[in-house]
Structure formats: C-alpha cells, structure tokens
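Colleague:
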Amino acid sequence: MNYNKPEVLNALAGQYVLGTLSSSTRKRFQRLLLNSSKAREATTMWEQNLNNLASAITPLAPSDDLWPKILQQIENQPQPTKTIIRTQPSIWRTWSFVATAASIVLAFLVMQPATNVSNIQQIALVQNKAQQPLWFIDVNEQALSIKASGQLVAKTDKDYELWMILKDQDAPISLGLLPKTGSKTLAKNSLFKASNVALLAVSLEPIGGSPNGSPSEVLYTTELVLL
0 MNYNKPEVLN ALAGQYVLGT LSSSTRKRFQ RLLLNSSKAR EATTMWEQNL NNLASAITPL
60 APSDDLWPKI LQQIENQPQP TKTIIRTQPS IWRTWSFVAT AASIVLAFLV MQPATNVSNI
120 QQIALVQNKA QQPLWFIDVN EQALSIKASG QLVAKTDKDY ELWMILKDQD APISLGLLPK
180 TGSKTLAKNS LFKASNVALL AVSLEPIGGS PNGSPSEVLY TTELVLL
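Residue 0 is where the sequence shown starts when you use numbering that gives the first Met the number 0, and the numbers rise one by one after that.
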C-alpha cells in the first residue's frame, strides 16, 4: 500500500480515528504514526474535525416518562421458572447484572418509535480547502443553529452569506449571514427540506450581504448529513 498518496493516508487516518481498521492494519498504521509527520497530521485533523462536529450537535434529552415506561415494561415481563444454579456468588452477581442491563436495553429498543424524517437530525460542516472546519450547522424543525469554528479567520470588511441550492432549480436562495465568531440562529426557509436541498454554499459579500440577491463570490460548498 502506498502511504505517500494523500487520499490513501487520509482514508486510513479517518478509519483509524473511527476505530474501523482491522487489528493488523491498525498496528501497521500505529507504526506509521511513529515515523510519518503526514500521518500524524492527517490523524490530528480527523480527531479535531470529529470532535468539533460532535460538540456542535445539539444533545436530545429523553422524555420525562421514558424511564417509568422502561421500568413498567420490565415489571410486566413474565418471571422465569426458578432453577437452582450452583456457581460462585460473584459470578452469579455478574450475570444477574448483565441480564438486568440487557432487559433494560431491550425494553428501551422495543418502545422506540419507527424512524421517520422528523427524528432524523440534519447537520452540515463547512470546510476550507485544507479541510479545516469553519462553520457547523445544526438544522432543526424551525431554525438553523450555526457555530463558527475557532479556526475561522474572517475578513472584517466583508460578510459571509449562507445559501441553499435546491435540486429542482438553479437559483440559490439566501439563508442569511453567517457568524464570524460564536454562534447564531437563522430562521429556517419554508423550502428547506433535506430531500430537496442539493447543496449549501457560502459566499463572500459586502457588509450587509449580497446587494442583488445572488452570491457574489462562492467560497465553499457542502452537503447536508443525516444522522
């Protein structure tokens, strides 16, 4: 395998960080990390991007009645016939804990509603050519929550505008100005639907945004990711 190819190194680094490499390949890549600065840079980039992406996702709290439902589901399960098992007490306690945990997990899974569009989280990551994250976009039912990365070096005499390009039309639609630092919430356009959005784009504009309703200079494009 040619580790000098950037695309190969980037793919291996991504799988290494995600933990999807086979045992033998993982060991070879770990040896490569000791001797290759490029491998270390690629791995660091993946770690930073994934960590930043995870921190940008809004956590979803379970409903207040979830735990009572789980307990009720467990209590309603038929009790197994008692069987005398001769084993060490510590082993029995371990298996008892595992069985209880398995019951809770099973009950939780049984009560989950079927996946639908409203339960799917939509996010987007805007990166530059060096694959550094610049903005993180979290889409909910009513708004777009946007967070500027610390790696963003914004122009003070310009603004950055977010656009969406729909699959059935060529003209971009403005979604609003992006934050240069910190976070910002943009109202969600009524046409913004995951199934209809082909691309998101960021343009460089005069202060205040596009003067004519069209992007002046497109800098970056990205796609929605469904979780």
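Even glycine gets a Cβ: it sits at the ideal position worked out from N, Cα and C.
This structure is a prediction, so every number in the text was calculated from the model and none was measured.
#1: Can you tell me the Cα-Cα spacing of T42 and G13, whole angstroms?
#2: Look at the alpha carbon of D63 and the alpha carbon of I69, and state the distance between them as a whole number of angstroms.
#3: From the DSSP secondary-structure annotation, give me the bridge partner or partners of F135.
#4: Do L174 and L165 have their C-beta atoms within less than 8 Å of each other?
#5: Excluding sequence positions up to five away, which residues of its chain have a Cβ less than 8 Å from the Cβ of R39?
#6: Between which two residues does the alpha helix (DSSP H) carrying K157 extend?
#7: In the structure shown, what three-state DSSP assignment does N115 receive?
#8: Compute the distance between the beta-carbons of L151 and L161, then report whether it is under 8 Å.
#9: Rounded to whole angstroms, what is the Cα-Cα separation between A123 and P205?
#10: Look at the alpha carbon of P171 and the alpha carbon of V125, and state the distance between them as a whole number of angstroms.
#11: Per DSSP, what are the beta-bridge partners of V196 in this structure?
#12: Excluding the 5 residues flanking S215 on each side, which residues of the same chain have their C-beta closer than 7 Å to its C-beta?
#13: A186 lies in the beta strand (DSSP E); which residues open and close that run?
Modeller: For this structure:
#1: 7 Å
#2: 11 Å
#3: L124, K146
#4: no
#5: L32
#6: Note, K157: premise wrong, no alpha helix (DSSP H); not H, not E.
#7: For N115, the predicted structure reports a pLDDT of 43, less than 50, and the residue's modelled location is therefore unreliable. A value from the coordinates is still provided. Reduced to three states, the DSSP call for N115 is coil.
#8: no
#9: 24 Å
#10: 17 Å
#11: L165
#12: S202, L203, E204, S209
#13: 182-186
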